[in-house]
Ligand code: NAD
Ligand code: MG
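Numbering (this note's numbering), first residue to last: 1 to 397.
What follows is the structure, given as structure tokens:
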């Protein structure tokens, strides 16, 4: 029995993870679940999966859940607060940790799992974008196993030889050249600049191919998601950004590719369903059922590929720029983006203000050398304050 801890259990990644787990009661047992405030959802997860411990970061939600569980005579222990999420992530009882928290809030819990040498199924790309080198050094120092869940990175992982997957061979030694990261292009792929300026949060959260949480849906619409994924891929596969090509592929059937020295390109295909990469990562190196629909090739109308337009979607250029800047720049990019997306979702700024504000943060804020976790989280906080002040100055509440 593999014992699982799911961080962000009530979110899109969390619920899809649990849907795969539900199909394999003989294989997985839920040790712990964490979430922010949706205690009703957590209560039903408790009655179905009987975890030993759950954490609600919101103390009121924790109290409400504790009362509810007491009435149902459940044995599940309920803890409260941010610090407990990291404690649970590093606990010895959970062998595998699904990192499904959204944003930099996932940094400390994900690193706690890394430092405890766990098998980590990484969805929380922001944790890697913020801490980069520190994260990968900790993975190696503590012998953690990192399996990418982000569909593109999971696809590339699947296209690599097992020795590379296990970290026993480099991409060069395996004859891998370029990595090709596919992007759907989001809901506004064909919109002109005037149209983009008028995009509303309600339109931006409706992704054409994937059903995801609100933050990553907006990131997909600005293409910042692909920028974060470019940074994520550089760290996961230990390559420079020049070796990664982003290709817009509107059908989201080819989830990404690896090109070899002999010109062969290996691709991973499937219906756009996150349960496939989740099941792959949960079962690896074995294959287990995900519940995803088979890809019906006779119904595919075509597979299109095109270069991304960095004029209309500057976020990809900004992500490359932050990688070139080094230091803490990718943490600034991420924090500025998280705050700008929150302001956009709150109807306080326009869609095109998101990349503009991120660029202002990148060019105007200092960029110290990356030294420690506390330092980079201070930089993260500084970038958030910068965006909050700028949003307030431009549009007072
Ligand atoms: P979501 O908004 O649906 O869920 C987020 C989860 O994190 C919730 O359970 C919430 O309770 C928890 N959470 C939120 N803020 C928190 C905080 N401050 N402290 C602790 N917990 C907190 O998000 P999602 O779409 O599931 O995305 C999760 C992560 O997975 C993101 O990093 C995203 O980029 C990545 N990802 C998601 C998908 C997808 O299909 N949803 C695909 C690829 C990668
Ligand atoms: Mg992705």
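Idealized CB from N, CA, C, for every residue including glycine.
The ligand MG and residue i: does the residue's C-beta get closer than 7 Å to at least one heavy atom of that ligand?
| i | result |
| --- | --- |
| residue 229 | yes |
| residue 60 | no |
| residue 150 | yes |
Which residues does DSSP pair with residue i in a beta bridge?
| i | result |
| --- | --- |
| residue 148 | 122 |
| residue 306 | 248 |
| residue 269 | 254 |
| residue 56 | 35, 80 |
| residue 3 | 29 |
| residue 176 | 260 |
Out of the options, state which residue places its alpha-carbon closest to the alpha-carbon of residue i.
| i | options | result |
| --- | --- | --- |
| residue 47 | 13, 66, 282 | 66 |
| residue 96 | 5, 297, 306, 141 | 5 |
| residue 274 | 129, 150, 393, 168 | 150 |
| residue 398 | 106, 184, 314, 121 | Since the first residue of the chain shown is 1 and the last is 397, residue 398 is not available in this structure. |
| residue 314 | 119, 347, 226 | 226 |
| residue 334 | 131, 72, 265, 199 | 131 |
| residue 288 | 277, 165, 7 | 277 |
| residue 39 | 27, 61, 49 | 61 |
| residue 204 | 158, 160, 188, 68 | 188 |
| residue 212 | 100, 238, 139 | 100 |
| residue 318 | 307, 283, 355, 328 | 355 |
| residue 391 | 375, 371, 142, 349 | 349 |
| residue 167 | 185, 235, 106, 123 | 235 |
| residue 103 | 123, 117, 91 | 123 |
| residue 20 | 279, 320, 366, 372 | 279 |
| residue 108 | 375, 202, 264, 68 | 375 |
| residue 358 | 298, 336, 322, 29 | 336 |
| residue 386 | 364, 397, 372 | 364 |
| residue 307 | 299, 323, 245, 268 | 245 |
| residue 7 | 25, 30, 145, 1 | 30 |
| residue 369 | 49, 9, 134, 165 | 134 |
| residue 51 | 91, 44, 163, 33 | 33 |
| residue 94 | 163, 75, 80, 118 | 118 |
| residue 145 | 106, 242, 98 | 98 |
Please find out if some non-hydrogen atom of the ligand NAD comes closer than 7 Å to the beta-carbon of residue i.
| i | result |
| --- | --- |
| residue 224 | no |
| residue 215 | yes |
| residue 389 | no |
| residue 155 | no |
| residue 206 | no |
| residue 101 | yes |
| residue 276 | no |
| residue 8 | yes |
| residue 82 | yes |
| residue 85 | yes |
| residue 39 | no |
| residue 12 | yes |
| residue 52 | no |
| residue 32 | no |
| residue 398 | Any answer about residue 398 is impossible in this case: the structure gives the chain only from 1 up to 397. |
| residue 210 | yes |
| residue 46 | no |
| residue 118 | no |
| residue 360 | no |
| residue 124 | yes |
| residue 105 | yes |
| residue 112 | no |
| residue 35 | yes |
| said: Give the list of continuous alpha helix (DSSP H) stretches no shorter than 4 residues that lie fully inside the region 219-254. | reply: 224-237
| field | Three-pair Cβ contact test at 8 Å for the region 219-229 versus the region 334-345 | value | yes
| message | Please give me, in chain order, every unbroken run of the alpha helix (DSSP H) with length at least 4 that falls completely inside the region 179-211. | response | 193-197, 201-204
| request: Could you name each continuous beta strand (DSSP E) segment of 3 residues or more that falls completely within the region 77-143, going from the start of the chain to the end? | output: 77-80, 96-99, 119-122
| said: When you compare the region 111-118 with the region 84-98, are there three or more beta-carbon pairs, one atom per stretch, that lie closer than 8 Å? | reply: yes
| message | Tell me whether the region 175-182 and the region 253-273 touch, counting them as touching only if at least three CB pairs, one residue from each stretch, are closer than 8 Å. | response | yes
| message | Quick check: the region 123-140 against the region 207-214, are at least 3 beta-carbon pairs closer than 8 Å? | response | no
| query | Any contact of the region 165-174 with the region 294-313, i.e. 3+ C-beta pairs under 8 Å? | reply | no
| Three or more C-beta pairs below 8 Å linking the region 265-274 and the region 286-301 | Yes: at least three Cβ pairs fall under 8 Å.
| field | Contact between the region 20-38 and the region 47-57 (3+ Cβ pairs under 8 Å) | value | yes
| task | Take every Cβ of the region 321-334, pair it with every Cβ of the region 376-383, and state whether three or more of those distances are shorter than 8 Å. | result | yes
| message | Quick check on the DSSP output: what are the complete alpha helix (DSSP H) runs of length 4 or more inside the region 303-358, in order along the chain? | response | 315-325, 329-345
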